[in-house]
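**Student:** Here it is, the structure in full.
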Amino acid sequence: MYARTLLSRTAAAGCRLPAAFVATRALSATPFRLNSETPAFETSGEQHIYEKLKRELSPTKLTVKDSSGGCGSMYVVEIEAECFRGKSRIAQTKIINALLKSELKDMHGMRILCSVPPE
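This is the structure in structure tokens:
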């Protein structure tokens with residue numbers, strides 16, 4: 008049932024994936040670990056965005072998840088970084104948007120959740 012739902016969401020997003028890939032993704036239960044040195048990536052897009060944000064912002068916590076079923080059209084980014092301290096949520100989001108400007112033009116959207124590390 009989940010594989011069919013995932014396949015229909017992927018098709019609705021304009022992505023065509025082999026059924027074997029969708030079934031594999033639907034059955035995978037790989038946890039996404041926060042603040043890990045070597046997180047488990049399900050797509051190359053997740054890894055690319057993760058590495059770029061990690062390199063540029065040195066966050067204390069970072070999670071990047073492809074929420075489009077693996078086709079790369081939607082991502083969720085959760086990031087905690089000191090550089091966000093004292094900035095509004097809009098300013099924090101603009102920092103991420105500026106860093107990922109070239110990647111965003113190929114996506115449908117991105118959900119960005121920024122936070123500041125505790126003092």
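Yeah, the sequence shown ends on 126 if you go by my numbering, and it's all consecutive.
Beta carbons are placed, not taken as given, at the ideal position from N, Cα and C, and that holds for glycine.
#1: Of all the options Lys61, Ala47 and Glu49, which has the alpha carbon lying nearest to the alpha carbon of Leu107?
#2: In chain order, what residues of the same chain have a beta carbon less than 6 Å from the beta carbon of Ile119, not counting five sequence neighbours either side?
#3: Less than 9 Å between the C-beta atoms of Thr67 and Glu87, yes or no?
#4: Check for me: the beta strand (DSSP E) holding Lys72 runs from which residue to which?
#5: Considering only the beta carbon of each residue, do Ser95 and Tyr82 sit closer than 9 Å?
#6: Is Lys72 closer than 9 Å to Glu110 when the C-beta atoms are compared?
#7: Glu89 and Pro124 look like a contact to me (Cβ under 8 Å); what is the Cβ gap, rounded to whole Å?
#8: Cutting at 6 Å between CB atoms, please list the residues of its own chain near Ser122, excluding the five before and the five after it.
#9: Look at the Cβ atom of His55, then the Cβ atom of Ser80, and state whether they are nearer than 9 Å.
#10: When we look at the beta-carbon of Gly76 and count the other beta-carbons within 10 Å, is it buried (16 or more) or exposed?
**Tutor:** Here's the rundown:
#1: Lys61
#2: Val84, Thr100 and Ile103
#3: yes
#4: Lys68 to Asp73
#5: no
#6: no
#7: 6 Å
#8: Glu87
#9: no
#10: buried
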